[in-house]
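Inspection log for the structure reproduced underneath, given as structure tokens.
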Amino acid sequence: MAVPKSLFLPENSLGLVTDLYQLTMAAGYFEQRMDDTATFELSIRHLPKNRSYLVTAGLEQVLHYLTHIAFSPEAIQFLQQLPIFNQVSQKFFEYLKNFTFSGNLYAMPEGTLAFANEPILRVTAPLIEAQIAEAYLLSLINFQTSIATKASRVVSAAQGHEVVDFGTRRAHGPQAGILAARSCYIGGCKGTSNVFAAYELDIPAVGTIAHSWVMAFENEQDSFRKFHEIFPDNTTLLIDTYDTLIGARHAATIGKKLKGVRIDSGDLLELSKEVRRILDNEGLQHVKIVASGDLNEDHIDNLLKDGAPIDSFGVGTEMVTSKDAPALGGIYKLVEQEHNGKVIPKMKFSEDKLTYPCKKQVYRTLDKTGNFVNDVIGLEDENLQGKPLLMPVIKNGKTCYNIPTIHEIQITATHNLAHLPERFKRLREAEIYPVTKSQGLEAKRHETENIIKDVNVSKRNVFTNKASAY
């Protein structure tokens, strides 16, 4: 009988958590003795619809990965038996036994706002090391940044009303639920229903009861009374199992110790108004109304504009899956390679997928009040105005970065969002934030493009002439 597998990521063999072609390229580089130092940059080429900024998230997990990546003996044995590696020398697998990341990482700190085409991470390392990391880094940054950005939009729509993450059960798997809880907190949520995330990350744990609690008792009133007896100081009751308005009256019998009620279905605008009236008539003006049930930023925005007396929102599916924009088009591209002491810029210029060469930095200009004005993407060593956003995180394989707490990251994100002018963060039809390329970077692009074209045209002519000779 087969033993069930959890499929949680193996701490001792993170090197396998990648795409096969990363490892075939690594083997190819090894066989060709291509141990050049290379630089790759991770960016988001296009922002999704209705996204005018990104709240960067995932750097802490990137840091953990790069400082723990390894291949276990069992992992190496598995690779050796794959047919594609039949002609690869044993020396490559010996190399994997001692594999570690020895390079450098520059990154935007988590909570920084990023825009299209700006490098969020920059990896400089031996070519094999930088190549193998691609899939894992993209997965972490794409997902967490997507969810943190979605959460920030939901929190913005809530206009100061509390938002909590209720999404674990609807996330794309248990691991995604934990990462989503982290990202939602960075985006401004006040807590999470995910107990492991609360435990591991020191995020406030929040929750009420499910419909099953109410249904398990003979009647709704008994279920409310028994729950209050067990949790007298934290009684928030779900009132829509049978009839929301009758449920509100039943909840009101708890009296002054009642903390809140939650509505999870129906017309939240009209129901919240009626529930508020019922509670107020019983002298329970202090009791909070929590709304949940397939909420998103647009729904919340409309509810509050229409005067819904809702105090807080529990948001799940739409937030932890970023349902309206579920994927970021992150790219991880080679921009520079050192060979025999010479730095060689690298770029691609296929249609609609142009990349810029060389190590880059993002320079952000602020006005006197600290508000964002514009960004410039320039060469790393250019003398440009503005605050440089990419900071050193790993040097020679060792952490050189003071890792902030998740609370500090949330403060960073909140501060940055407060200083992004409103016209750039509207839920709909936001203006495009100005991001330009420096003159030095544009000049280097044209120079590199001409060199690459000259080399490839001359090679093509050689092949054409040879073909003509036959």
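Going by our numbering, the sequence shown runs without a break in its numbering and finishes at 538. By construction, the Cβ of each residue, glycine as well, lies at the ideal position given by its N, Cα and C atoms.
| query | Touch check for the stretch 127 to 136 and the stretch 467 to 477: three-plus C-beta pairs under 8 Å? | reply | Because the criterion of three Cβ pairs below 8 Å is met, the stretch 127 to 136 and the stretch 467 to 477 touch.
Straight-line CA distance for Asp374 to Leu337? 8 Å
Just how far apart, CA to CA, sit Thr86 and Tyr163? When rounded, the distance between both Cα atoms is 17 Å.
TODO: Compare the C-alpha of Val388 against each of Asp449, Val232, Pro460, Tyr174 and name the closest.
DONE: Val232
Checklist entry - How big is the Cα-Cα spacing for Arg494 and Phe146? => result 50 Å
Shortest alpha-carbon distance to Phe98 belongs to which of Cys426, Tyr501, Gln158?
Measuring from the Cα of Phe98, the nearest candidate turns out to be Gln158.
Exercise. Less than 8 Å separating the beta-carbons of Gly255 and Ala219?
Worked result: yes
Going by DSSP in three states, Phe108 sits in which element: helix, strand or coil? strand
| query | Just the Cα atoms here: how many angstroms apart are Ala393 and Tyr469? | reply | 32 Å
task = Please look up how many angstroms separate the CB atoms of Ala94 and Ile200, rounded, as I've assumed it's under 8 Å.
result = 6 Å
| message | Could you pull the DSSP bridge partners for Asn442 from this structure? | response | Thr433
Cβ shell of Lys416 (< 6 Å), same chain only, five flanking positions each side left out: Thr423
In the DSSP output, what is Thr304 paired with across the bridge? Gly328
**Message:** Taking 8 Å as the threshold (C-beta atoms), are Leu84 and Ala143 in contact?
**Reply:** Closer than 8 Å, so yes.
Contact criterion: CB-CB distance below 8 Å. Does Ala175 meet it with respect to chain B? Protein chain content of the structure displayed is limited to a single chain, and chain B is not contained in it.
Sub-8 Å separation of Ala395 and Asn210 beta-carbons: yes
So, are the CB atoms of Val355 and Gly328 less than 8 Å apart? yes
Taking C-alpha atoms, which residue in Phe295, Thr437, Val156 lies nearest to His483?
-> Thr437
Sequence ranges, beta strand (DSSP E) only - wholly within the stretch 151 to 225, length at least 3
172 to 175, 189 to 194
If you reduce the DSSP assignment to three classes, tell me which class Tyr89 lands in.
helix
Tell me where the beta strand (DSSP E) around Ala359 begins and ends.
356 to 360
From which residue to which residue does the beta strand (DSSP E) around Ile246 run?
-> No beta strand (DSSP E) holds Ile246; the alpha helix (DSSP H) holding it covers 242 to 254.
* Which residues mark the beginning and the end of the alpha helix (DSSP H) in which Thr482 is found? -> 474 to 486
What are the boundary residues of the beta strand (DSSP E) that Met283 is part of?
-> From DSSP, Met283 is part of no beta strand (DSSP E) but of the alpha helix (DSSP H) over 279 to 283.
Report task. Report yes or no: do the stretch 359 to 377 and the stretch 178 to 186 share at least 3 C-beta pairs separated by less than 8 Å? Result -> no
- Between the Cα of Asn467 and those of Leu91, His132, Ile112, spot the shortest distance and give me the residue it belongs to. A small correction: the amino acid at residue 467 is Thr; Asn does not occupy that position in the sequence shown. Each of Leu91, His132, Ile112 was checked against the Cα of Thr467, and the nearest Cα belongs to His132.
Tell me the DSSP secondary structure of Glu230 in three-state form.
If DSSP states are grouped into helix, strand and coil, Glu230 belongs with the strands.
key: Cβ shell of Ala244 (< 8 Å), same chain only, five flanking positions each side left out   = Excluding residues up to 5 positions away in sequence, Phe211, Val388 lie with their Cβ nearer than 8 Å to the Cβ of Ala244 in the same chain.
**Asked** Which of the three DSSP states, helix, strand or coil, is assigned to Leu447?
**Response** Strand, per DSSP.
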